[in-house]
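Under the working numbering, the first residue of the sequence shown is numbered -4, with each subsequent residue one higher.
Glycine residues also receive a C-beta, built at the ideal position from the N, C-alpha and C atoms.
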Amino acid sequence: MAGSPLTVGAVLDVLEHRYPPTTAEGWDRVGLAVGDRAQSVTSVLLTVDVTPQVLAEAVGLDAQLVVAHHPLLLRGITAVDAAEPKGRLVIEAVRAGVSVYTAHTNADIAVDGVSASLAETVGLVDTRPLVPSAHDPAVGAGRVGRLAEPLTAGGWLERVAAALPATAAGVRLAGDPDRLVRTAAVVGGAGDSYLDGALAAGVDAYLTSDLRHHPVSELLQRDDAPLLLDVPHAAAEATWLPVVQRVLRDGLPDLDVTVSGVRTDPWTRHAASPTANPHTTR
(Lines of atoms letter the chains of each structure in order from A and count residues from 1; the text may use other names and numbers.)
(Lines give C-alpha, C1' and ligand atoms only; values in the text may rest on other atoms or scores of the structure.)
Protein backbone atom coordinates (compact mmCIF):
# COMPACT_ATOMS: atom_id res chain seq x y z
CA MET A 1 0.00 0.00 0.00
CA ALA A 2 1.27 3.47 -0.91
CA GLY A 3 2.51 5.40 2.08
CA SER A 4 3.05 2.26 4.20
CA PRO A 5 6.26 2.28 6.28
CA LEU A 6 9.20 0.40 4.82
CA THR A 7 10.28 -2.74 6.62
CA VAL A 8 13.55 -4.61 6.91
CA GLY A 9 11.91 -7.31 4.80
CA ALA A 10 11.20 -4.85 1.98
CA VAL A 11 14.86 -3.81 1.92
CA LEU A 12 16.01 -7.42 1.93
CA ASP A 13 13.65 -8.23 -0.94
CA VAL A 14 15.52 -5.69 -3.10
CA LEU A 15 18.92 -7.02 -2.04
CA GLU A 16 18.00 -10.67 -2.43
CA HIS A 17 16.55 -10.10 -5.89
CA ARG A 18 19.90 -8.62 -6.95
CA TYR A 19 22.13 -10.95 -4.91
CA PRO A 20 20.19 -14.22 -4.38
CA PRO A 21 21.26 -16.01 -1.19
CA THR A 22 20.95 -19.32 -3.04
CA THR A 23 24.06 -18.41 -5.06
CA ALA A 24 26.25 -18.17 -1.93
CA GLU A 25 28.82 -20.87 -1.22
CA GLY A 26 27.57 -23.75 0.93
CA TRP A 27 29.92 -22.84 3.80
CA ASP A 28 28.81 -19.21 3.84
CA ARG A 29 26.37 -17.59 6.27
CA VAL A 30 24.42 -14.94 4.41
CA GLY A 31 21.07 -13.36 5.15
CA LEU A 32 19.57 -11.83 8.26
CA ALA A 33 21.87 -12.48 11.23
CA VAL A 34 20.18 -10.22 13.78
CA GLY A 35 16.73 -8.66 13.67
CA ASP A 36 13.18 -8.93 12.40
CA ARG A 37 11.98 -8.62 8.82
CA ALA A 38 8.81 -6.92 10.09
CA GLN A 39 10.76 -4.10 11.75
CA SER A 40 10.13 -0.62 10.32
CA VAL A 41 13.14 0.97 8.66
CA THR A 42 13.89 4.46 7.36
CA SER A 43 17.69 4.37 7.29
CA VAL A 44 20.32 1.79 6.30
CA LEU A 45 24.08 1.77 6.88
CA LEU A 46 26.40 -0.14 4.52
CA THR A 47 29.73 -1.62 5.67
CA VAL A 48 32.29 -4.30 4.90
CA ASP A 49 32.49 -5.51 8.52
CA VAL A 50 30.26 -5.18 11.58
CA THR A 51 32.42 -3.72 14.35
CA PRO A 52 31.60 -1.82 17.55
CA GLN A 53 32.49 1.42 15.76
CA VAL A 54 30.14 0.62 12.86
CA LEU A 55 27.32 -0.25 15.23
CA ALA A 56 27.88 3.02 17.11
CA GLU A 57 27.75 4.86 13.78
CA ALA A 58 24.45 3.15 12.93
CA VAL A 59 22.98 4.20 16.28
CA GLY A 60 24.21 7.77 15.76
CA LEU A 61 22.56 7.87 12.32
CA ASP A 62 19.36 6.27 13.66
CA ALA A 63 19.84 3.49 11.11
CA GLN A 64 17.64 0.49 11.85
CA LEU A 65 19.52 -1.85 9.49
CA VAL A 66 23.20 -2.54 8.84
CA VAL A 67 24.01 -4.31 5.57
CA ALA A 68 27.46 -5.89 5.76
CA HIS A 69 29.59 -7.82 3.30
CA HIS A 70 31.34 -10.03 5.85
CA PRO A 71 29.13 -12.29 7.97
CA LEU A 72 28.94 -11.39 11.63
CA LEU A 73 28.38 -15.06 12.51
CA LEU A 74 30.37 -16.89 9.82
CA ARG A 75 31.93 -19.30 12.31
CA GLY A 76 29.00 -19.07 14.64
CA ILE A 77 28.72 -18.87 18.38
CA THR A 78 27.22 -21.28 20.88
CA ALA A 79 26.17 -18.61 23.35
CA VAL A 80 25.26 -14.92 23.15
CA ASP A 81 27.66 -13.90 25.90
CA ALA A 82 28.46 -10.22 26.43
CA ALA A 83 31.94 -11.24 27.60
CA GLU A 84 32.73 -12.32 24.01
CA PRO A 85 33.07 -9.83 21.12
CA LYS A 86 30.44 -11.41 18.86
CA GLY A 87 27.98 -11.96 21.68
CA ARG A 88 28.46 -8.37 22.79
CA LEU A 89 27.78 -7.07 19.27
CA VAL A 90 24.61 -9.15 18.97
CA ILE A 91 23.35 -7.92 22.35
CA GLU A 92 24.16 -4.29 21.55
CA ALA A 93 22.45 -4.54 18.14
CA VAL A 94 19.29 -6.00 19.68
CA ARG A 95 19.22 -3.38 22.45
CA ALA A 96 19.65 -0.61 19.89
CA GLY A 97 16.98 -2.02 17.57
CA VAL A 98 19.50 -2.48 14.74
CA SER A 99 19.08 -5.43 12.39
CA VAL A 100 22.17 -6.90 10.70
CA TYR A 101 22.15 -8.47 7.23
CA THR A 102 24.94 -10.07 5.19
CA ALA A 103 25.53 -10.47 1.45
CA HIS A 104 28.88 -12.22 1.04
CA THR A 105 29.82 -14.81 -1.60
CA ASN A 106 26.48 -14.23 -3.32
CA ALA A 107 27.59 -10.61 -3.73
CA ASP A 108 31.13 -11.59 -4.78
CA ILE A 109 30.03 -13.33 -7.97
CA ALA A 110 27.23 -11.03 -9.16
CA VAL A 111 27.32 -9.02 -12.38
CA ASP A 112 27.53 -5.84 -10.28
CA GLY A 113 29.16 -7.53 -7.30
CA VAL A 114 32.38 -7.11 -5.38
CA SER A 115 34.86 -8.31 -8.00
CA ALA A 116 33.05 -6.34 -10.72
CA SER A 117 33.21 -3.12 -8.69
CA LEU A 118 36.87 -3.75 -7.83
CA ALA A 119 37.69 -4.31 -11.52
CA GLU A 120 36.02 -1.03 -12.48
CA THR A 121 37.73 0.85 -9.65
CA VAL A 122 41.22 -0.28 -10.70
CA GLY A 123 40.61 0.63 -14.34
CA LEU A 124 39.63 -2.59 -16.11
CA VAL A 125 37.24 -2.55 -19.05
CA ASP A 126 35.53 -5.25 -21.17
CA THR A 127 35.43 -7.55 -18.15
CA ARG A 128 34.11 -11.09 -17.78
CA PRO A 129 34.18 -13.63 -14.93
CA LEU A 130 37.54 -15.25 -14.25
CA VAL A 131 35.72 -18.48 -13.35
CA PRO A 132 32.20 -18.38 -14.85
CA SER A 133 29.31 -20.06 -13.08
CA ALA A 134 28.17 -23.31 -14.67
CA HIS A 135 24.58 -22.00 -14.49
CA ASP A 136 25.15 -18.49 -15.83
CA PRO A 137 28.35 -17.44 -17.67
CA ALA A 138 27.64 -13.77 -16.91
CA VAL A 139 28.36 -14.33 -13.21
CA GLY A 140 31.19 -16.06 -11.41
CA ALA A 141 34.31 -15.66 -9.34
CA GLY A 142 36.63 -12.76 -10.09
CA ARG A 143 36.89 -10.67 -13.23
CA VAL A 144 39.26 -10.58 -16.20
CA GLY A 145 39.65 -7.51 -18.40
CA ARG A 146 42.04 -5.09 -20.00
CA LEU A 147 43.36 -1.73 -18.99
CA ALA A 148 41.90 1.09 -21.05
CA GLU A 149 45.51 1.97 -21.87
CA PRO A 150 48.57 -0.15 -21.05
CA LEU A 151 50.66 0.89 -18.05
CA THR A 152 53.84 -0.32 -16.47
CA ALA A 153 53.27 -2.42 -13.40
CA GLY A 154 54.69 0.38 -11.28
CA GLY A 155 52.34 2.88 -12.90
CA TRP A 156 49.32 0.64 -12.37
CA LEU A 157 50.39 0.02 -8.78
CA GLU A 158 50.29 3.78 -8.10
CA ARG A 159 46.93 4.14 -9.83
CA VAL A 160 45.44 1.25 -7.83
CA ALA A 161 46.74 2.67 -4.56
CA ALA A 162 45.19 6.05 -5.37
CA ALA A 163 41.83 4.52 -6.38
CA LEU A 164 41.29 2.38 -3.28
CA PRO A 165 40.46 3.66 0.22
CA ALA A 166 43.61 4.60 2.10
CA THR A 167 45.05 1.98 4.46
CA ALA A 168 48.16 1.61 6.58
CA ALA A 169 49.44 -1.37 4.58
CA GLY A 170 49.05 0.14 1.10
CA VAL A 171 49.36 -1.96 -2.07
CA ARG A 172 52.21 -4.40 -2.75
CA LEU A 173 53.64 -5.52 -6.09
CA ALA A 174 55.44 -8.80 -6.78
CA GLY A 175 57.32 -8.78 -10.08
CA ASP A 176 59.09 -6.37 -12.40
CA PRO A 177 57.69 -2.82 -11.93
CA ASP A 178 58.74 -1.95 -15.50
CA ARG A 179 56.78 -4.78 -17.12
CA LEU A 180 53.85 -3.60 -19.24
CA VAL A 181 50.34 -4.49 -18.08
CA ARG A 182 47.66 -4.78 -20.75
CA THR A 183 45.36 -7.39 -19.20
CA ALA A 184 44.59 -8.28 -15.60
CA ALA A 185 42.44 -10.45 -13.37
CA VAL A 186 41.01 -9.40 -10.02
CA VAL A 187 39.32 -11.24 -7.16
CA GLY A 188 37.78 -9.32 -4.29
CA GLY A 189 38.79 -10.67 -0.91
CA ALA A 190 41.29 -13.44 -0.18
CA GLY A 191 42.12 -14.80 -3.64
CA ASP A 192 45.25 -16.92 -3.55
CA SER A 193 43.09 -19.96 -4.32
CA TYR A 194 42.61 -18.41 -7.77
CA LEU A 195 46.32 -18.05 -8.60
CA ASP A 196 46.13 -21.00 -10.99
CA GLY A 197 43.05 -19.48 -12.61
CA ALA A 198 44.87 -16.21 -13.20
CA LEU A 199 47.80 -18.14 -14.65
CA ALA A 200 45.50 -20.09 -16.96
CA ALA A 201 43.81 -16.85 -18.09
CA GLY A 202 47.15 -15.65 -19.48
CA VAL A 203 46.85 -12.17 -17.97
CA ASP A 204 49.74 -9.81 -17.36
CA ALA A 205 48.76 -9.16 -13.74
CA TYR A 206 46.58 -10.55 -10.99
CA LEU A 207 45.19 -8.36 -8.19
CA THR A 208 43.65 -9.73 -5.01
CA SER A 209 44.06 -9.70 -1.21
CA ASP A 210 45.78 -11.74 1.49
CA LEU A 211 48.37 -13.37 -0.76
CA ARG A 212 50.69 -15.73 1.12
CA HIS A 213 54.46 -15.98 0.86
CA HIS A 214 54.91 -19.51 -0.47
CA PRO A 215 52.22 -19.54 -3.18
CA VAL A 216 53.47 -16.17 -4.46
CA SER A 217 57.13 -17.19 -4.40
CA GLU A 218 56.44 -20.44 -6.20
CA LEU A 219 54.23 -18.86 -8.85
CA LEU A 220 56.76 -16.16 -9.69
CA GLN A 221 59.34 -18.83 -10.52
CA ARG A 222 57.30 -19.70 -13.61
CA ASP A 223 58.25 -18.01 -16.89
CA ASP A 224 54.57 -17.38 -17.70
CA ALA A 225 53.65 -16.00 -14.26
CA PRO A 226 51.59 -12.80 -14.05
CA LEU A 227 52.61 -9.87 -11.91
CA LEU A 228 50.86 -9.92 -8.55
CA LEU A 229 49.27 -7.01 -6.69
CA ASP A 230 48.22 -7.56 -3.08
CA VAL A 231 45.66 -5.03 -1.86
CA PRO A 232 44.12 -4.66 1.62
CA HIS A 233 41.10 -6.93 1.99
CA ALA A 234 38.57 -4.44 3.37
CA ALA A 235 39.65 -1.66 1.01
CA ALA A 236 39.10 -3.84 -2.05
CA GLU A 237 35.63 -4.90 -0.95
CA ALA A 238 34.61 -1.39 0.11
CA THR A 239 34.45 -0.54 -3.61
CA TRP A 240 31.16 -2.46 -3.72
CA LEU A 241 29.35 -0.39 -1.09
CA PRO A 242 28.46 2.54 -3.42
CA VAL A 243 26.99 -0.02 -5.83
CA VAL A 244 24.68 -1.36 -3.09
CA GLN A 245 23.79 2.21 -2.20
CA ARG A 246 22.61 2.83 -5.78
CA VAL A 247 20.71 -0.47 -5.87
CA LEU A 248 18.76 0.41 -2.72
CA ARG A 249 18.16 4.03 -3.69
CA ASP A 250 16.84 2.95 -7.09
CA GLY A 251 14.62 0.26 -5.59
CA LEU A 252 13.44 2.23 -2.56
CA PRO A 253 13.70 5.98 -3.24
CA ASP A 254 12.32 6.91 0.19
CA LEU A 255 15.03 4.97 2.01
CA ASP A 256 18.02 6.81 3.48
CA VAL A 257 21.15 4.78 2.56
CA THR A 258 24.60 5.69 3.89
CA VAL A 259 28.01 4.16 3.18
CA SER A 260 29.84 3.82 6.49
CA GLY A 261 32.63 6.25 7.18
CA VAL A 262 34.35 3.70 9.45
CA ARG A 263 37.34 2.01 7.89
CA THR A 264 37.27 -1.56 9.10
CA ASP A 265 40.76 -2.50 7.92
CA PRO A 266 42.38 -3.65 11.19
CA TRP A 267 45.93 -2.41 10.50
CA THR A 268 46.82 1.00 11.91
CA ARG A 269 50.45 1.69 11.04
CA HIS A 270 53.07 0.73 8.45
CA ALA A 271 56.85 1.06 8.60
CA ALA A 272 58.71 0.58 5.34
CA SER A 273 61.76 -1.68 5.35
CA PRO A 274 64.99 -0.64 3.57
CA THR A 275 64.86 -1.24 -0.17
CA ALA A 276 67.90 -3.51 -0.07
CA ASN A 277 67.30 -7.03 1.22
CA PRO A 278 69.60 -7.49 4.25
CA HIS A 279 69.62 -11.26 3.70
CA THR A 280 70.97 -11.01 0.17
CA THR A 281 74.60 -12.07 -0.16
CA ARG A 282 76.85 -10.57 -2.82
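By the Cβ neighbour-count rule, S112 is buried, with 16 or more other Cβ atoms within 10 Å of its own. DSSP places L67 in no alpha helix (DSSP H); its state is neither H nor E. 9 Å or more divides the Cβ of Y189 from the Cβ of L142.
Look at the region 159 to 201 and you find these whole runs of beta strand (DSSP E), each 3 residues long or longer: 167 to 169, 175 to 185. For S110, the three-state secondary structure derived from DSSP is helix. Between D187 and L206, the C-beta gap is smaller than 9 Å, which places the two residues in contact. Burial check for A233: the Cβ neighbour count within 10 Å reaches 16 or more, so the residue is buried. By the neighbour-count definition (other C-beta atoms within 10 Å, threshold 16), A78 is an exposed residue. Taken atom to atom, the span from the alpha-carbon of D173 to that of P145 is near 12 Å.
In this structure, the beta-carbon distance from L222 to L168 falls below 9 Å. Note on I72: under 16 other CB atoms within 10 angstroms of its CB, so exposed under the neighbour-count rule. Here S38 carries a strand assignment [DSSP, helix/strand/coil]. In the displayed model, A133 falls within coil according to three-state DSSP, outside both helix and strand. Note that the C-beta distance between A105 and V95 is not below 9 Å.
A distance below 9 Å separates the beta carbons of P47 and R83. Short of 8 Å from the beta carbon of L247, and not among the five residues preceding or following it, lie these beta carbons of its own chain, in chain order: L1, A5, V6, V9. The C-alpha of H12 is placed about 11 Å away from the C-alpha of A102. When DSSP states are grouped into helix, strand and coil, V29 belongs to the strand group.
Close CB contacts of V29 within its chain, under the 8 Å cut and outside five residues either way in sequence, are with L67, V85, A88, V89, V93, S94, V95 (chain order). Here the alpha carbons of Q216 and V49 stand approximately 42 Å from one another. Within its own chain, the residues whose Cβ lies closer than 8 Å to the Cβ of V257, once the five positions on either side in sequence are excluded, are T42, T46, Q48, V49, E52, listed in chain order. Straight across, the Cα-Cα distance linking P227 with Q34 is about 35 Å. Taking C-alpha positions only, E20 is separated from W151 by approximately 32 Å. Take G26, set aside five residues on each side of it, and the residues of its chain with a beta-carbon closer than 6 Å to its own are P16, in chain order. Within the DSSP secondary-structure output, V238 pairs in no beta bridge. The beta carbon of A114 sits closer than 7 Å to the beta carbons of T122, R138, G140, V181 from its chain, once the five residues preceding and following it are set aside; these are given in chain order. A straight line joining the alpha-carbon of D251 with that of D44 spans about 20 Å.
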